[in-house]
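> Numbering-wise (my numbering), the sequence shown opens with residue 4 and increments by one. Note that beta-carbon positions come from the ideal geometry of N, C-alpha and C, so glycine has one too. Please read these numbers as outputs of a predicted model, since none were measured by experiment. Let me give you the structure first, and then I'll get to my questions.
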Amino acid sequence: MEHMDTRNSAPDTAAHQQDAAAPAAGTFVEDARQQEALDLEAGHGPVLVLGGPGTGKTTTLLRVLARRLDAGLDPQHVLVLSPTRVSAASLRDDLSESTDKTFSEPAVRTWSAYAFDLIRRARLDGLLPALARPPRLLSGPEQDTLIGHLLEGHAQEITPGPGWPESLGEAIGTRGFRKELRELFDRISEHGLYAGELQDLGESLNRPEWVAAARFYQEYRDLLDLGSAEAFDPAGLLAAAATILEDNPRFLATEHDRLQLVMVDDLQEANPAQQRLLGLLARGRDLVAFAVPDNVVQGFRGARPDMLGEFESRLGTLKAPARILELHHSYRLNPELATAWGRIARRIPVAAGGAGRILVFEQGTDAAPEASRNSPAASALPDDPEAPETCDGEATELDAAPATVPGSLEVLLVDSPIHEERLVAQRILEEHLIGRRPLEDMAVVLRNGSQVRSMAKYLAGAGIAVNTPPAETPLREEPAVRPLLDLMTLALDPEAQQDPLLLQELLMSRYATASALDVRRLRQGLRRHEVGLGGNRSSAELLAGMLDELELLETMGREAAGARRLARMYQALRTELAAGTGNAETALWSLWAASGMAEKWTATALAGGILGTRADHDLDAMLAIFQSAERFVDQLPGSSVAQFVEHVLGQELPMDTLASRGGSRPSVQVLTTAAAAGREWDLVLIPGMQEGIWPNIKLRGELLGGGALSDVIEHGPAILPVRNIAALIRETRADELRTFANAVSRARSKVIAIAVASEDTSPSSFLDIVDPAGAVAGRRTFFVPRPRALGALVAELRQAAEATALDTDREELHRDATDVLGALVAAPHAVRGAHPSSWWGLAEPTSSGPVVPAGEPVKVSPSKVEAVMNSPLNWFVQAVGGEAATDFARSLGTLVHSIAEEHPEAGGSEYLAVLEERWGELEMPQNWEGARDRERAESMLQKLAQYNVMMRTEKRRLIGREIPFEVLIPAPGSTAVSEAAAGSDPETLPDARAPRAALLRGVVDRVEADESSNPWVVDLKTGKSQPSGKDVEKHPQLGAYQAAVINGALAGHTGEELTRTPAGASLVQLGTTTKSPREQAQPAITDEDWATPMVLAAAQLMGDADFLSRHDPARGGRRGSNCRLPGICPLCSEGRQVTEP
């Protein structure tokens, strides 16, 4: 039941003034129920204090402890347990402020920390002879990596597998499967099971997945016991501590003598293993535990709030029976928020007999009178058909009064996720700038970590300082860490430098910060230096070796700045490795010290803003990787740097850390509901309230039956038939309600819940629970204006200034926009982007010279000749990256070409067998579309088999396939190509308009030969279009292939000596709808060589500084589909310069 007495309550507009004087603001005045807890004297036995959110449970805990200490209890005889490290640290800080007593060791610990300390002391007492080394905690990533290695060993048949059921075949080895295994291991440890017991259960209940999991668990334990007997996973740590106490009565008695008072915060978050340990420590002894039965966020870690109902039987004895106290006075929630929380609570299955749901409000007095179940306020809420029933079958009632603090709860809808993020930013800025609410008094609470990362990134981009919990990203994926791991990989394996993509990623990393244009200029600079020395290595080869060329990089300009830093880091690491005395820590430090980023990132972080937030994040990541290295070296003395790199790269889970993200400056907290537990803010925003997200009723832990295992152990096999899908979904929904209840209850003054309502997403049904009036009246979708951020303001002003620059009717608007921009530029700290010098389109071109420096040959691909001849502009845009992503049709063609290369003269049945083996490479769905494309691939390969027969009929034989070639075609009237380019005197440089040489290079699908050994070039076409017969006669691509033959490109590339006289060339159409292949042949070029001049003309166009657009203007732009680039084409009506608005 819940009663909210709203007498003498103030309106929301005076919330801050009210908070300063009323107990609800945090001025704790003990009421009768709190006083009952404070008056507990030594020998009181087990006591459970239940209360709703904000009823002063933690404050009561601290005051109870302070009184006992003042009464003479030795601080060393106290143990306070808290569910998480963050909550324990916070409670420890509060304890130090509430008492002047000195603690020789931490009095507040997490369950795992206490279990760890107990195991350590038991080892020192000689109770654990198998532990040769001190115990250590096996982190989540380490456990995940170990499980992954075992599964990989089974997959590669290095060790025999446990015999997983066939139904799990596709799941085994995935990250999700490893997560399921970890959760099952937790359940096993929580209930103290052995592998053999799990196997017996699996065999008796016909659960083959349990039988296999038992064998796997035994292998996992054996591996740990052999190599790291001192390593305990979190669940195993608690089980081991409990077992030590059970097996060693003297040690347990000593622990009882040592701990004269045990206190527990948030007992509703405890799992069975923690409850077992608590029973051993505190049964019949002085224990004070606090709980909110309906606020649970550790369900994913096995939290069992239902076990609160067993408190009296589990912890009480005849001599010291357990007692339950309830706190009702709400010090945090105002009546409207408490009403919302109560509506959620009444839909959660009853725990602890329904206690902890009463909230009383009375301003200015010590306590409020307790309402009866039949008070008039009970009729304020409509009947809820979904309300859970108590054990006796009666619906659980909730006493509540109508809300009298309007505006404390808002439910808002937007039409897209980006508007959701924009709305969050807008409300934060409005509350801060207009409402004068400090940033640190606001929080954004979300359902999962991916939402946290996305929201934090957006808010930081909007100029809002954010603070996020410890990273939920694996270290190997951190932008500040991955480059260091890559440099270690390169130093340990120099052959890895041959990967140009890896080098390019390093250049564009946090350490080098090069842009794509910088990388291109660096490659050009390296190439110019190479040519000047008479070398012929490509820019890709030069880039691969740049880390060993520090002296060369030192002579280059700004474009090599990032490369120089990487080379210094690389050389420092090589020096450290060459000494032979280092380890992972020293290797990592050599890289970090040589980077010089410590001072730079620290200064940036202190400056704040978007870049400051990112620098904060990067520094935190560096702390985490150094902690990981220290831990690795301590646990594995003598391990190599390579082993450390493999260790970190193998981790797919984030490392746990107490370091928050965002520094100490005022900032908005962005965190999950689990991370928000135990904390409070004035304003809490809860976005992401969509069905499927919150609540997410996807069943978890059921692949291997972890939940079923717990139920069988606790209730017996008879429970299994009752565990149907509907029951499991109800359990999951109840768990989601508990997390939502926690989120709502974090606010002191206001909650804003936000959802996306669109064709693809529906608002969460949870919104109707907290805001039933909105569900009845309907909710409108909000339009989100420009965020109140400087970046958005500058963008709007620039848009207005540019749009009105030439509009005489809007001169006043233009003047106003430019005046404000001028003020932003003249501000003491000029606003980024306000000055026209930074505006895109106003800067002078970086270069007016030709794309390929004058005097150098131009690379020409036969497949691109037709494109550049038809429209140089289209070709250029495509060449510099303006081409659309490869579609599936091209992927299908690539597969056909690959099969044709590997089996050049196969028959139809052989081709189909190969296709069957390789079809999975395309990852096509098993539907009608996939079947259609499969038929098309089979048709193309059948035609290829037919063509093989046609070739022999034409008296040609296959000489080679997929043959690469490269041939230099000198410019007209020239025998040397780059002689002038090698000179340094500007007067000797060639004219940019002079005829250009062509470096014709490509790959020929097939080379065949006639009876005279004259080469015939074949290009296999898998597309549906084909040229006309007339166009084939002068087809540019085929002509370029023949030009290559004439100029000796195939010499030495085939196993047979071929002439330089082409027999012809052809397109073999495989992708058309005809049943037979069509060969479109181009006559041999013998008398007049028209192809070589065409290639040189293409080279002239490709190497130029200007690129023309060529097409029929009547067919371009909106009037036709001939032009591929109407937006920038000068011939199209809508064509504009790329710098025009």
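Check this for me: beta carbons of Val1010 and Leu1053, under 8 Å apart or not?
Along the sequence shown, read from residue 1 onward, the residue named residue 1010 stands at position 1007. Along the sequence shown, read from residue 1 onward, the residue named residue 1053 stands at position 1050. Yes, the pair counts as a contact, with Cβ atoms nearer than the cut-off.
> Less than 7 Å between C-beta atoms, sequence neighbours within five positions excluded: which residues of the same chain meet that for Gln277?
Position 274 of the sequence shown, counted from the first residue, corresponds to residue 277. Excluding sequence neighbours, Gln277 sits near Trp114 and Leu241.
> Enumerate in chain order the residues of its own chain whose CB-to-CB distance from Ala1102 is below 6 Å, with the five nearest sequence positions on each side excluded.
Position 1099 of the sequence shown, counted from the start, is the residue given in the question as residue 1102. Only Val861, Val863, Arg999 and Ala1001 meet the Cβ criterion.
> Among Asp819, Gly933 and Glu1091, which one has its Cα closest to the Cα of Leu895?
What you label residue 895 is simply residue 892 of the sequence shown in a count that begins at 1. Minimum Cα distance to Leu895 is reached at Gly933.
> Report yes or no: do three or more beta-carbon pairs, one from the region 137–144 and one from the region 227–247, lie closer than 8 Å?
Judged by Cβ distances under 8 Å, the region 137–144 makes contact with the region 227–247, as three or more pairs qualify.
> Taking its Cβ as the centre, do 16 or more other Cβ atoms sit within 10 Å of Ile150, making it buried, or is it exposed?
Taking the first residue of the sequence shown as position 1, residue 150 is located at position 147. Counting other Cβ atoms within 10 Å of its Cβ, Ile150 reaches 16 or more and is therefore classed as buried.
> Relative to the C-alpha of Glu1060, which candidate in Val636, Leu1073, Ala245 and Gly963 has its C-alpha closest?
Sequence index remark: in the sequence shown, residue 1060 carries index 1057 (1-based). Answer by Cα proximity: Gly963.
> With DSSP collapsed to three states, give me the class of Pro252.
Taking the sequence shown and counting its residues from 1, one reaches residue 252 at position 249. The answer is helix: DSSP assigns Pro252 an H, G or I state.
> What number of angstroms, rounded off, separates the C-alpha of Leu311 from the C-alpha of Ile728?
Working through the sequence shown from its first residue, we reach residue 311 at position 308. Working through the sequence shown from its first residue, we reach residue 728 at position 725. Their backbone Cα atoms lie some 26 Å apart in a straight line.
> Between Glu965 and the rest of its own chain, which residues show a CB-CB distance below 7 Å, the 5 nearest in sequence each way excluded?
To locate residue 965, count along the sequence shown from 1; it is residue 962. Excluding five sequence positions before and after Glu965, the CB atoms of its chain that fall closer than 7 Å to its own CB belong to Glu904, Val1006 and Asp1008, given in chain order.
> Buried or exposed for Ser1069, going by 16 or more other Cβ atoms inside 10 Å?
As a working note, residue 1069 is residue 1066 in the sequence shown. Its Cβ being crowded by 16 or more others within 10 Å, Ser1069 is buried.
> Note down, in chain order, each residue of its chain lying with its Cβ closer than 6 Å to the Cβ of Arg733, except the 5 sequence neighbours on either side.
Your numbering for residue 733 matches position 730 in the sequence shown. So the list is empty, once near-sequence residues are dropped.
> Is Leu490 helix, strand or coil by DSSP?
To locate residue 490, count along the sequence shown from 1; it is residue 487. It is helical.
> On the premise that Pro308 lies in contact with Val299, defined as a C-beta separation below 8 Å, what is that separation, rounded to the nearest angstrom?
Indexing the sequence shown from 1 puts residue 299 at position 296. Indexing the sequence shown from 1 puts residue 308 at position 305. So it is a contact: roughly 5 Å between Cβ atoms.
> Leaving aside the five residues before and after Thr162 along the sequence, list all residues of the same chain whose C-beta is less than 6 Å from its C-beta, in chain order.
Counting from 1 along the sequence shown, the entry for residue 162 is found at position 159. These residues qualify, in order along the chain: Gly156.
> From Pro472, Thr471 and Thr492, pick the residue whose C-alpha is nearest to that of Arg479; which is it?
Against the sequence shown, residue 479 aligns to sequence position 476. Of Pro472, Thr471 and Thr492, the residue nearest in Cα terms is Thr492.
> Taking 8 Å as the limit between beta carbons, can you name the residues of its chain near Ser192, skipping five residues before and five after?
Position 189 of the sequence shown, counted from the start, is the residue given in the question as residue 192. Cβ within range, chain order: Asp236, Ala238, Gly239, Leu241, Ala242 and Ala276.
> Please state whether the Cβ-Cβ distance between Leu702 and Ala174 is less than 8 Å.
The residue given as residue 702 occupies position 699 in the sequence shown. The residue given as residue 174 occupies position 171 in the sequence shown. The answer is no: Cβ separation not under 8 Å.
> Would you kindly work out how many angstroms separate the C-alpha atoms of Ala403 and Arg818, rounded to a whole number?
Within the sequence shown, numbered from 1, the residue matching residue 403 stands at position 400. Within the sequence shown, numbered from 1, the residue matching residue 818 stands at position 815. Residue confidence is low: Ala403 scores 33 on pLDDT, short of 50, so the model does not pin down where it sits. Its coordinate-derived value is still stated next. Approximately 58 Å between the Cα atoms of the pair.
> Apart from the five residues on each side of it in sequence, which residues of its chain come closer than 7 Å, Cβ to Cβ, to Phe968?
Position 965 of the sequence shown, counted from the first residue, corresponds to residue 968. Counting only Cβ-Cβ distances below 7 Å, and skipping sequence neighbours, we find Arg1004, Gly1005, Val1007, Ala1047, Ala1052, Leu1053 and His1056.
> Secondary structure at Val83, three-state DSSP: helix, strand or coil?
One-based indexing of the sequence shown puts residue 83 at position 80. DSSP places Val83 in strand when its eight states are reduced to three.
> Have a look at Asp128, Gly205 and Arg349 and flag the residue whose alpha-carbon is nearest the alpha-carbon of Trp167.
For the purposes of this step, residue 167 is identified with residue 164 of the sequence shown, where counting begins at 1. When each option's Cα is compared against that of Trp167, the closest is Gly205.
> Who are the near neighbours of Glu1082 in its chain, counting only those whose CB is closer than 6 Å to its CB and skipping five residues on each side?
Locating residue 1082 in the sequence shown gives position 1079, where the first residue counts as 1. Cβ within range, chain order: Ser1069 and Val1071.
> Contact between the region 552–566 and the region 524–539 is defined here as three or more beta-carbon pairs at a separation below 8 Å; is this criterion met?
Result yes; three or more Cβ-Cβ pairs closer than 8 Å.
> In whole angstroms, what is the alpha-carbon distance linking Val671 and Leu569?
Taking the first residue of the sequence shown as 1, we reach residue 671 at position 668. Taking the first residue of the sequence shown as 1, we reach residue 569 at position 566. Cα-Cα distance, rounded: 35 Å.
> Along the chain, where does the alpha helix (DSSP H) containing Asp685 start, and where does it finish?
Here residue 685 refers to the residue found at position 682 when the sequence shown is read from its first residue. No alpha helix (DSSP H) holds Asp685; the beta strand (DSSP E) holding it covers Trp684 to Ile689.
> Helix, strand or coil for Phe635, going by three-state DSSP, please let me know.
One-based indexing of the sequence shown puts residue 635 at position 632. The answer is helix: DSSP assigns Phe635 an H, G or I state.
> So within the region 151–232, which uninterrupted alpha helix (DSSP H) runs reach at least 4 residues, ignoring any that extend past its ends?
178–193, 198–207 and 211–230
> Does the region 71–86 come close enough to the region 317–329 to have 3 or more Cβ pairs within less than 8 Å?
no
> Assess, as a yes-or-no matter, whether the region 761–770 is touched by the region 689–703 under the definition of 3 or more beta carbon pairs within less than 8 Å.
They touch, by the three-pair rule.
> So, at 8 Å on beta carbons, what are the nonlocal neighbours of Ser518 in its own chain, with the 5 sequence-adjacent residues on each side left out?
The sequence position of residue 518 within the sequence shown is 515, counting from 1. So the list reads Met511, once near-sequence residues are dropped.
> With DSSP collapsed to three states, give me the class of Leu264.
One-based indexing of the sequence shown puts residue 264 at position 261. Strand at Leu264.
> Alpha carbon to alpha carbon, how far is Pro790 from Leu281? Give it in angstroms, no decimals.
For the purposes of this step, residue 281 is taken as the residue at position 278 of the sequence shown. For the purposes of this step, residue 790 is taken as the residue at position 787 of the sequence shown. Across the structure, Leu281 and Pro790 are spaced so that their CA atoms are roughly 51 Å apart.
> Does the structure place the region 99–108 close enough to the region 481–495 that three or more beta carbon pairs sit under 8 Å?
no
> Could you give the DSSP three-state label for Asn877: helix, strand or coil?
For the purposes of this step, residue 877 is taken as the residue at position 874 of the sequence shown. Asn877 falls in the helix class under three-state DSSP.
> How is Thr991 classed by DSSP in three states: helix, strand or coil?
Counted from its first residue, the sequence shown places residue 991 at position 988. Since pLDDT at Thr991 reaches only 42, below the 50 mark, its modelled position is unreliable, and no value is offered.
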